[in-house]
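Working notes, beginning with the structure itself.
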Amino acid sequence: MARQSTAHKARWQLVAYLAAALVLMPLLVLLLSWQNVDQMIWGHLLQTQMMRLIGNTLWLIIGVGAGVILLGVSLAWLTSLCEFPGRRWLDWALMLPFAVPAYVLAFVMVGLLDFSGPLQSLLREWFGSDFRLPPIRSTGGVILTLVLVFYPYVYMLARSAFLAQGRGLMEASRILGQTPWQGFWRVAVPMARPAISAGTALAIMETLADFGAVSVFNYDTFTTAIYKTWYGFFSLQSATQLASLLLLFVFLALFAERHAQGRSKRFPANDKPRKGALYRLRGPLAWLACGYCLLVLSIAFIIPVGQLLYWLLSSGIADLDSRYWTLIRNTLLLGGIAALMTVTVATLLVLAQRLQPIRRVRSAIALANLGYALPGSVLAVGIMFFFSFLDNNMVVPLRSWLGAANPAPILLGSLFALLLAYLVRFMAVAYGPLDTSLARIRPSLPEAAQSLGQPGWVVFWRIYVPLLLPGILSAALLVFVDVLKEMPATLLMRPFGWDTLAVRIYALTTEGDWTRASLPALTLVLVGLLPVIVLIRRSGRH
Amino acid sequence: MSFTRNIIALSLAMTAFTSVAQAKELVVYSSRQDHLIKPVFDMYTEKTGVQINFITDNEAPLMARLRAEGANTPADMFMTVDAGNLWQAEEQDLFREVKSETIEQNIPAHLRSSNGKWTGLSLRARTIAYSTERVNPEELSTYEALADDSWKGRVCLRTAKKVYNQSLVATMLESVGEEKTTEVIKGWLANLATPVFSDDTALLKAIDAGQCDVGIVNSYYFGRLHKAEPNIKVKLFWPNQEDRGVHVNISGAGVTKHAKQPEEATKLLEWMTTEEAQRVFADVNMEFPANSSVAPSDEVATWGDFKADSVNIEVAGRRQPEAIMLMDRLGWN
Numbered sequence: 003m004a005r006q007s008t009a010h011k012a013r014w015q016l017v018a019y020l021a022a023a024l025v026l027m028p029l030l031v032l033l034l035s036w037q038n039v040d041q042m043i044w045g046h047l048l049q050t051q052m053m054r055l056i057g058n059t060l061w062l063i064i065g066v067g068a069g070v071i072l073l074g075v076s077l078a079w080l081t082s083l084c085e086f087p088g089r090r091w092l093d094w095a096l097m098l099p100f101a102v103p104a105y106v107l108a109f110v111m112v113g114l115l116d117f118s119g120p121l122q123s124l125l126r127e128w129f130g131s132d133f134r135l136p137p138i139r140s141t142g143g144v145i146l147t148l149v150l151v152f153y154p155y156v157y158m159l160a161r162s163a164f165l166a167q168g169r170g171l172m173e174a175s176r177i178l179g180q181t182p183w184q185g186f187w188r189v190a191v192p193m194a195r196p197a198i199s200a201g202t203a204l205a206i207m208e209t210l211a212d213f214g215a216v217s218v219f220n221y222d223t224f225t226t227a228i229y230k231t232w233y234g235f236f237s238l239q240s241a242t243q244l245a246s247l248l249l250l251f252v253f254l255a256l257f258a259e260r261h262a263q264g265r266s267k268r269f270p271a272n273d274k275p276r277k278g279a280l281y282r283l284r285g286p287l288a289w290l291a292c293g294y295c296l297l298v299l300s301i302a303f304i305i306p307v308g309q310l311l312y313w314l315l316s317s318g319i320a321d322l323d324s325r326y327w328t329l330i331r332n333t334l335l336l337g338g339i340a341a342l343m344t345v346t347v348a349t350l351l352v353l354a355q356r357l358q359p360i361r362r363v364r365s366a367i368a369l370a371n372l373g374y375a376l377p378g379s380v381l382a383v384g385i386m387f388f389f390s391f392l393d394n395n396m397v398v399p400l401r402s403w404l405g406a407a408n409p410a411p412i413l414l415g416s417l418f419a420l421l422l423a424y425l426v427r428f429m430a431v432a433y434g435p436l437d438t439s440l441a442r443i444r445p446s447l448p449e450a451a452q453s454l455g456q457p458g459w460v461v462f463w464r465i466y467v468p469l470l471l472p473g474i475l476s477a478a479l480l481v482f483v484d485v486l487k488e489m490p491a492t493l494l495m496r497p498f499g500w501d502t503l504a505v506r507i508y509a510l511t512t513e514g515d516w517t518r519a520s521l522p523a524l525t526l527v528l529v530g531l532l533p534v535i536v537l538i539r540r541s542g543r544h
Numbered sequence: 005m006s007f008t009r010n011i012i013a014l015s016l017a018m019t020a021f022t023s024v025a026q027a028k029e030l031v032v033y034s035s036r037q038d039h040l041i042k043p044v045f046d047m048y049t050e051k052t053g054v055q056i057n058f059i060t061d062n063e064a065p066l067m068a069r070l071r072a073e074g075a076n077t078p079a080d081m082f083m084t085v086d087a088g089n090l091w092q093a094e095e096q097d098l099f100r101e102v103k104s105e106t107i108e109q110n111i112p113a114h115l116r117s118s119n120g121k122w123t124g125l126s127l128r129a130r131t132i133a134y135s136t137e138r139v140n141p142e143e144l145s146t147y148e149a150l151a152d153d154s155w156k157g158r159v160c161l162r163t164a165k166k167v168y169n170q171s172l173v174a175t176m177l178e179s180v181g182e183e184k185t186t187e188v189i190k191g192w193l194a195n196l197a198t199p200v201f202s203d204d205t206a207l208l209k210a211i212d213a214g215q216c217d218v219g220i221v222n223s224y225y226f227g228r229l230h231k232a233e234p235n236i237k238v239k240l241f242w243p244n245q246e247d248r249g250v251h252v253n254i255s256g257a258g259v260t261k262h263a264k265q266p267e268e269a270t271k272l273l274e275w276m277t278t279e280e281a282q283r284v285f286a287d288v289n290m291e292f293p294a295n296s297s298v299a300p301s302d303e304v305a306t307w308g309d310f311k312a313d314s315v316n317i318e319v320a321g322r323r324q325p326e327a328i329m330l331m332d333r334l335g336w337n
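Respectively, the protein sequence lines represent chains E and P.
Using this note's numbering, the letters of the first sequence map in sequence onto residues 3 to 544.
Using this note's numbering, the letters of the second sequence map in sequence onto residues 5 to 337.
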């Protein structure tokens, strides 16, 4: 390893610590909330709610985790290594559900499949009024919906991993007589394990933080308990205490992910990605594969969008007015700036991890990734309180000292606060793909450059950045779409005139106005589709 | 990192625009939905030229924001839905006292804060909805009666997490006491046809589709659904007419403690209690005007007259935690 000056080392460590400090801010508010414990509320919670909450949350983690792995890996395997009719467009189409927010799919599923929905009504007409489908408003229904929303995380990362494995290993396994099944289990999956577990971790953290979708199903999780304690008992303190408990679950999930990644080596994939499919499926098997992919796509995307369109055309279009362009503009602007900020910081973090792999830096970075599992509102409140502290104790006195007539606070309620919330919340989303990308860069490459006398700056721009570009682009697009869909933090922290589509959807769905919500929901999906398609086309076969 | 710094500078510069206060501008934090308050505010702006900037969110985050902002808050008025929330905002010292004869004349005393901190602006009833096909209105009488065995497997309820049900139980606790309320809730839960719903509109649709025969909903959800689907086979029933009356709740507002323009905000509040505002405020959501001299819209009038519970609505807030804990203990999710 080339010698590095202490200043150089310190710089990178500082980056990691700063990023961790940003996340630490709201986390600190969470921890400080334990100063006073409301005995009455906690006694009540422990007696009546805790067991059920823990049980439900565990069900979700296990169900959604297993579901996204099953779905994501099987689909990724089929589209990246096999050839069957329709594979070419199913390849990228299977990513489309990523543009649909969980809370949108939730109300579409319930609207479609509940007792009073069109499907069951039709079936009752045909088969008699006693005909029943399994209830959608159940644990199974929630798990199904969340799996359909979050499988793209695993799908995308697993697919990249399978594609990047190059020609060598998989072909070798085939030549050596392994069946596709053996090739799958013994070669492909172990190699893709880091990617699969990264994707699963993202999906589970999203599940833990989700509030909109589980509310539609009236499924009680830790997150809904946080809101209930806050809104119902008016105890923000107890709510933040509950949120800190939620973090324990996150630690669990992250720990499990580290363990799953554990000893699997990072395989650099500087080989050319394979050109043709490895397994050509024929006959019924090919059609089965096609049918499976189509089924998933239909349930996760085509039918929901269809339902939204139907609602839109039947009543929702009346809402289309000039204010919609402002909504769209705000949504895009926030997404774009947040993506830029987050990817920049995440890139620096990823490099810090590589260049300064000491324990403290690793812990700081792990901390920086935690924001993802915090419910948006809780995170927002943490930032809000921290900023108000800064405002009241530093900014306002400073401004009045500088002679301002009416020293108003500038941090609280500002665009910056909201962007910071996005940064903290979506750091993990940017970090994952960048980390996977960086892992593929053999250390020997930059080392060689350095030993040839290139300064660090050049090494960064001419070695790291070009090789990281796929990861940077993936990360940027992922964060962009996630910010588009984000609702609770945006709701709380948006400055005047910065309403977004997600905010509009929320306003309508809390009142049960699902048909009117179809317009902003559809707009949001359409707006998010373009980056998603770019994401997948770009990462496709060259 | 200099890039980040530039973004920060840009954002701070942008916020500078938002923090410049203009003379004729009010700021309202509202948990009442955007499309329900915009028409009223637009009317006021047209009439007086005062610009109203508002932000909408749930009441708890808004209250947290008001508390965090403290004396530096830009909010002049805080508007919310459900008396429990108004009471809570008063408890958290977010309102200032407003002495206004106009308000006192227009709005009955039991719909206002006893300390002059807030006033109700519109009324909604949480009442019984029943299937016209499978239920004879003669069978219905009180909320409590729905706990009887004759309603087994026929009742639909909304989640206990929604503040409307919490207020219903809170006022019930006040009126009939804890023991009776416990009995009633146990009965309701035993009679459920399906797990509780997350919203009233789905509940009404379930009654229409035949999943259940009766449910307890807010009147305006029925109004909205009926407007969208006039052939729906559901009707409203006003229970407890022989005793305390139908449970009603309010949406209301108050001037914030640290309002930058308290006089302007008070003027806005007063105007919202006058006839022309009350009409729009209530009609846009099919609610009942709090100003008793204003008649409800024709559509709402078709539901008939009823006796409303005249308990002071503050009790909905005071006994809310108790209500929630009771519902939790009994397993009403």
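Virtual Cβ for every residue (Gly too), placed ideally from N, Cα, C.
Asked                                                                                                                                                                                                   : Found
If you reduce the DSSP assignment to three classes, tell me which class leucine 240 of chain P lands in.                                                                                                : strand
Between the stretch 231-253 of chain E and chain P, which residues of the former have a C-beta closer than 7 Å to a C-beta of the latter?                                                               : Trp232, Tyr233, Gly234, Phe235, Phe236 and Leu238
Please decide whether leucine 493 of chain E counts as near chain P, where near means a Cβ-Cβ distance under 9 Å.                                                                                       : yes
Going by beta carbon distance, what residues of the same chain come within less than 8 Å of valine 269 of chain P, once the five residues before and after it are set aside?                            : The question names valine, but residue 269 of chain P in the sequence shown is alanine. Around alanine 269 of chain P: Leu30, Asp80, Met81, Val259, Thr260 and Ala263.
Determine contact between the stretch 48-65 of chain P and the stretch 483-494 of chain E, defined as no fewer than three beta-carbon pairs at a distance below 8 Å.                                    : yes
Which residue wins for smallest C-alpha separation from leucine 16 of chain E, given the options E/Leu357, E/Ser446 and E/Ala382?                                                                       : E/Leu357
Start and end of the beta strand (DSSP E) containing histidine 251 of chain P?                                                                                                                          : 251-259
When burial is assigned at 16 or more other CB atoms within 10 Å of the CB, is tryptophan 463 of chain E buried or exposed?                                                                             : exposed
Along chain P, in chain order, which residues have C-beta atoms closer than 7 Å to that of aspartate 222 of chain E?                                                                                    : Asn337
Where does the unbroken beta strand (DSSP E) through glutamine 109 of chain P begin, and where does it stop?                                                                                            : Glutamine 109 of chain P -> not in any beta strand (DSSP E); alpha helix (DSSP H) instead, spanning 105-110.
Buried or exposed for leucine 250 of chain E, please, with buried defined as at least 16 other CB atoms from any protein chain shown within 10 angstroms of its CB.                                     : exposed
Tell me the rounded alpha-carbon separation between threonine 60 of chain P and alanine 382 of chain E.                                                                                                 : 15 Å
Whose CA, out of E/Met193, E/Val345 and E/Ile206, lies closest to the CA of proline 435 of chain E?                                                                                                     : E/Val345
What are the boundary residues of the alpha helix (DSSP H) that leucine 280 of chain E is part of?                                                                                                      : Here leucine 280 of chain E belongs to no alpha helix (DSSP H), and DSSP marks it neither H nor E.
So that I know if they touch, is there some Cβ in chain P lying closer than 9 Å to that of leucine 178 of chain E?                                                                                      : no
Going along chain P in order, which residues have a C-beta closer than 7 Å to the C-beta of glutamate 513 of chain E?                                                                                   : Gln37
In this structure, does DSSP put proline 137 of chain E in helix, strand or coil?                                                                                                                       : coil
Is serine 217 of chain E close to chain P, meaning its C-beta is less than 9 Å from at least one C-beta of that chain?                                                                                  : yes
Within 10 angstroms of the Cβ of lysine 209 of chain P, are there 16 or more other Cβ atoms? Answer buried if so, exposed if not.                                                                       : buried
With 9 Å set as the bound, which would you pick, yes or no: does the beta-carbon of isoleucine 189 of chain P sit closer than that to a beta-carbon of chain E?                                         : no
Per DSSP, phenylalanine 58 of chain P forms a beta bridge with which residues?                                                                                                                          : P/Val32
With arginine 126 of chain E as the anchor, note down where its alpha helix (DSSP H) starts and where it stops.                                                                                         : 120-129
So with Cβ pairs under 9 Å, would you call valine 536 of chain E a contact of chain P?                                                                                                                  : no
Do we get a CB-CB distance below 9 Å when we pair threonine 525 of chain E with the residues of chain P?                                                                                                : no
Given that a residue counts as buried once 16 or more other Cβ atoms are within 10 Å of its Cβ, and exposed if not, what is valine 244 of chain P?                                                      : Correcting the residue type first, residue 244 of chain P is asparagine in the shown sequence and not valine. Under this definition asparagine 244 of chain P is a buried residue.
Exposed or buried, which one is aspartate 484 of chain E when buried takes at least 16 other CB atoms within 10 Å?                                                                                      : buried
Which value, in whole angstroms, describes the spacing of the CA atoms of alanine 519 of chain E and tyrosine 33 of chain P?                                                                            : 22 Å
Which full runs of the alpha helix (DSSP H) of 4+ residues lie inside the stretch 391-464 of chain E, going along the chain?                                                                            : 398-403, 417-441, 446-453 and 458-461
Please work out which residues of its chain come closer than 6 Å, Cβ to Cβ, to alanine 151 of chain P, disregarding the five sequence neighbours upstream and downstream, and give them in chain order. : Val188, Gly191 and Trp192
Taking a Cβ distance cut-off of 8 Å, strictly less, list which residues of the stretch 196-223 of chain P are near chain E, in chain order.                                                             : Thr198, Pro199, Val200, Phe201, Ser202, Asp203, Asp204, Thr205, Ala206, Lys209, Ala210, Asp212, Ala213, Gly214 and Gln215
Going along chain E, which residues have a C-beta under 7 Å from isoleucine 328 of chain P?                                                                                                             : Gly234 and Phe235
Do three or more CB pairs link the stretch 348-357 of chain E to the stretch 224-232 of chain E at distances below 8 Å?                                                                                 : no
Curious, which full-length alpha helix (DSSP H) runs of at least 4 residues does the stretch 456-536 of chain E contain?                                                                                : 458-461, 467-487, 490-495 and 503-511
Compare the C-beta of alanine 509 of chain E against all C-beta atoms of chain P and say whether one is closer than 9 Å.                                                                                : yes
Does the beta-carbon of alanine 25 of chain P have 16 or more other beta-carbons within 10 angstroms, so that it is buried, or is it exposed?                                                           : Confidence at alanine 25 of chain P is low in this model, with a pLDDT of 45, below 50, so the placement of that residue should be treated as unreliable; the coordinate-derived value is given next. Classification for alanine 25 of chain P: exposed.
Residues in the same chain with beta-carbon distance under 7 Å from leucine 55 of chain E, minus the five sequence neighbours each way, listed in chain order, please.                                  : Asp222, Thr223, Phe224 and Ala227
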